[in-house]
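The next block holds one structure in the form of structure tokens; read it before the comments.
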Amino acid sequence: MTWIAVFIGGGLGSISRYGLSILTNRIYSGPFPLGTFLANLMACIVLGLAIAYFSSRSQFNEAYKALVLVGFCGGFSTFSTFSHETLSLVKEGQWGWVTANVFISIVACVGVLYLFSKYQSS
């Protein structure tokens with residue numbers, strides 16, 4: 424059952440990331456990989472909130488947790504695309520954008536994961 428939950432969550436996360444990418448590309452066309460950054464940031468927010476939520480509630484089974492934590496967040500976030508876009512910036516000699524992408528992505532994503540995983544709903 425857990426495998427099916429991860430499969431469903433991953434599909435939902437991937438479709439969500441694809442939709443966000445299309446929307447972001449319509450609005451923004453600059454050199455910073457904004458769509459990937461937003462997907463990773465939002466996945467970290469969802470992951471942090473889900474960790475906090477599940478840690479205070481025992482009624483959820485492992486399959487449901489896996490659907491959200493592994494499936495959806497794993498499908499929605501994308502380290503491989505982050506790496507590819509960063510390498511593309513390197514090849515274009517866009518060192519300022521390389522530095523900004525790596526620094527902002529890591530600090531923001533780890534930061535929001537930390538902050539939101541500390542959130543405890545009542």
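Once you know that position 42 of the sequence shown is 465 in our numbering, the rest is easy, because the numbers rise by one and skip nothing. Cβ atoms here follow ideal geometry from the backbone N, Cα and C, with glycine treated the same way. Every value quoted in this text rests on a predicted model; they were computed, and no experiment measured them.
Check                                                                                                   : Outcome
Proximal residues to S503 (C-beta, below 7 angstroms), its chain only, five neighbours per side dropped : none
Collapsed DSSP secondary structure at K514 in the structure displayed                                   : helix
Alpha carbon of S545 to alpha carbon of S478, nearest angstrom                                          : Interpretation of S545 is limited by its pLDDT of 49, a score under 50 that renders its predicted location unreliable; no figure is taken from the coordinates.
Nearest-angstrom Cβ-Cβ length linking V491 and A475, presumed shorter than 8 angstroms                  : V491 to A475, Cβ: 12 angstroms. No contact.
Sub-8 angstroms separation of G436 and G494 beta-carbons                                                : yes
Assumed close pair G433, G498 - CB separation to whole angstroms, cut-off 8 angstroms                   : 4 angstroms
C-beta contact flag for L464 and A523 at 8 angstroms                                                    : no
Residues near L470 in its chain [Cβ-Cβ closer than 7 angstroms; skip 5 each side]                       : L492, C496, L536
Alpha carbon of I431 to alpha carbon of V521, nearest angstrom                                          : 34 angstroms
Residues near S451 by beta carbon distance below 7 angstroms, same chain, minus five either side        : One detail in the question is off: residue 451 reads as Tyr in this sequence, not Ser. Result list for Y451: L457, in chain order.
Nearest-angstrom Cα separation, counted from H507 out to G442                                           : 19 angstroms
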